[in-house]
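One structure is given below, encoded as structure tokens.
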Amino acid sequence: MHMDNGKVWFITGAARGIGAEIARAALAAGHTVVATGRSLEPLQQVYREFGDTVLPLALDVADEAQAEAAVAAAFERFGRIDVLVNNAGYGLLGAFETLAAADIEAQFTTNVFGLMHVTRAALPGMRARRSGHVVNVSSIGGVTGFEGSSVYCATKFAVTGFSESLALELAPAGIAVTVVEPGFIRTDFLDGSSVRYGTRDTPDGVSTERSYSQYNGEQPGDPVRLAAAVLSLVAREQPPVHFLAGSDAVEIASTAVEKRQRELTADRALSQSVDGQF
Ligand SMILES: NC(=O)c1ccc[n+]([C@@H]2O[C@H](COP(=O)([O-])OP(=O)(O)OC[C@H]3O[C@@H](n4cnc5c(N)ncnc54)[C@H](OP(=O)(O)O)[C@@H]3O)[C@@H](O)[C@H]2O)c1
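Letter by letter, the sequence shown follows residues 1 to 278 of UniProt numbering.
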């Protein structure tokens with residue numbers, strides 16, 4: 001059973017933060033939501049009041065089989081997924097040498113491979129209907145690098161590169177891809193319940209400062225407003241491939257693009273010198 005006038009949204013990491021606000025905005029606009037998260041119980045609490053318009057499902061995106069099962073359950077219940085929001089993710093922060101290999105792998109497993117598991121599971125249904133929209137939540141850290149977040153940025157650059165490429169691949173199939181690049185948004189992202197810092201013993205000279213903690217609760221971006229922006233993008237006939245969320249993101253990205261352009265220009269001749277004279 002689905003509402004013909006509404007879309008079916010499938011959202012990962014929907015129990016709190018940006019994912020929960022996108023779900024609430026979609027529900028308020030009359031859409032149907034498959035709200036997924038690592039544990040079922042908090043989802044059932046959060047979405048209790050919405051009854052049949054929400055299907056809460058347990059989904060740890062790191063688990064490919066669970067991703068396939070959740071997408072299958074969504075199809076069984078609603079017959080389609082119109083909008084996939086790959087939002088689940090967390091930050092592994094701190095100087096690179098403080099990060100253990102296993103923690104780095106776990107960071108990629110959630111932020112990158114998990115997002116790919118859910119996307120892979122959802123695409124056949126979208127291709128069959130020749131419509132759909134994949135919204136991937138990257139970060140301003142997927143646009144430019146930041147000190148103390150090399151690995152987090154690496155995962156978000158991966159999400160951005162994946163999304164840009166997927167947008168090209170899927171356009172002929174009538175499926176849109178948008179990568180959302182938020183600045184600092186006031187959620188639990190920097191709270192001890194979400195963020196992870198490095199745990200390795202490090203040589204002298206390596207900063208072990210948890211420098212991002214000071215921004216917890218001070219972030220300028222509002223997740224409710226971010227959700228409203230995402231709703232408006234999804235409603236567009238021609239959604240953009242990239243969307244920067246927040247004035248901080250716009251400012252940082254434009255500085256990064258200018259710096260990139262300056263470097264490109266400064267070394268244009270050397271770059272071109274590599275062309276073969278075959
Ligand atoms: N807030 C920011 O400043 C900011 C900026 C740029 C990008 N982002 C990105 O925005 C997305 C949402 O973050 P947020 O700000 O809303 O933070 P949040 O309040 O900490 O929420 C993160 C959500 O992701 C879920 N999650 C984490 N690992 C998961 C996994 N393996 N499987 C399924 N769900 C998982 C969490 O589930 P649990 O409740 O089970 O922990 C939680 O629901 C993330 O991808 C983040 O990187 C955030």
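Here a beta-carbon is modelled for each residue, glycine too, at the ideal position from N, C-alpha and C.
Ala266 has its alpha-carbon roughly 46 Å from the corresponding atom of Ala67.
Note on geometry: alpha-carbon atoms of Lys259 and Ser211 lie some 24 Å from one another.
Between Ile81 and Met126 the beta-carbon gap is near 7 Å, inside 8 Å, which marks them as a contact.
The alpha carbon of Leu93 has as its nearest neighbour, out of Val85, Ile252 and Gln107, the alpha carbon of Gln107. Pairwise C-beta distances place the region 40 to 53 out of contact with the region 211 to 229, as fewer than three of them are shorter than 8 Å.
Relative to Val230, the option among Pro182, Ile140 and Ile175 whose CA is nearest is Pro182. For Pro223, the enclosing alpha helix (DSSP H) begins and ends at Pro223 to Val234. The distance from the Cβ of Val33 to that of Ala23 is about 5 Å, consistent with a contact at the 8 Å cut-off. Using a Cβ distance threshold of 8 Å, Ala95 and Thr208 count as a contacting pair. Distances from the CB of Leu59 to the heavy atoms of ligand 1 include at least one below 7 Å. Under the three-state reduction of DSSP, Thr208 is assigned to coil, being neither helix nor strand. Per DSSP, the beta-bridge partners of Leu92 are Arg196. Val159 sits close to Asn136, with the two beta carbons spaced by under 8 Å. Between Val241 and Thr178, the beta carbon gap of about 6 Å places them in contact (Cβ cut-off 8 Å). Not one heavy atom of ligand 1 sits closer than 7 Å to the Cβ of Arg236.
Going by beta carbons, Ser194 and Tyr90 fall inside the 8 Å limit.
With contacts defined by Cβ atoms closer than 8 Å, Ala62 and Gly17 do not form a contacting pair. Of the other Cβ atoms in all chains shown, 16 or more fall within 10 Å of the Cβ of Pro56; this residue is therefore buried. With a cutoff of 8 Å on beta-carbon distance, Phe243 and Ala122 are scored as not near each other. The beta carbon of Pro42 lies closer than 7 Å to those of Ala15 in the same chain, with the five residues before and after it left out. A straight-line Cα-Cα distance of about 19 Å links Pro172 and Gly161.
In this structure, Glu105 lies away from Val206, with their beta-carbon atoms at least 8 Å apart. In the three-state DSSP reduction, Glu68 falls in the helix class (H, G or I). Exposure of Thr255 is indicated by the presence of fewer than 16 other C-beta atoms within 10 angstroms of its C-beta.
A distance criterion of 7 Å places the beta-carbon of Val137 in contact range of ligand 1, judged by its closest non-hydrogen atom. Not one heavy atom of ligand 1 falls within 7 Å of the beta-carbon of Tyr47. In this structure, ligand 1 has no non-hydrogen atom nearer than 7 Å to the beta-carbon of Ile104.
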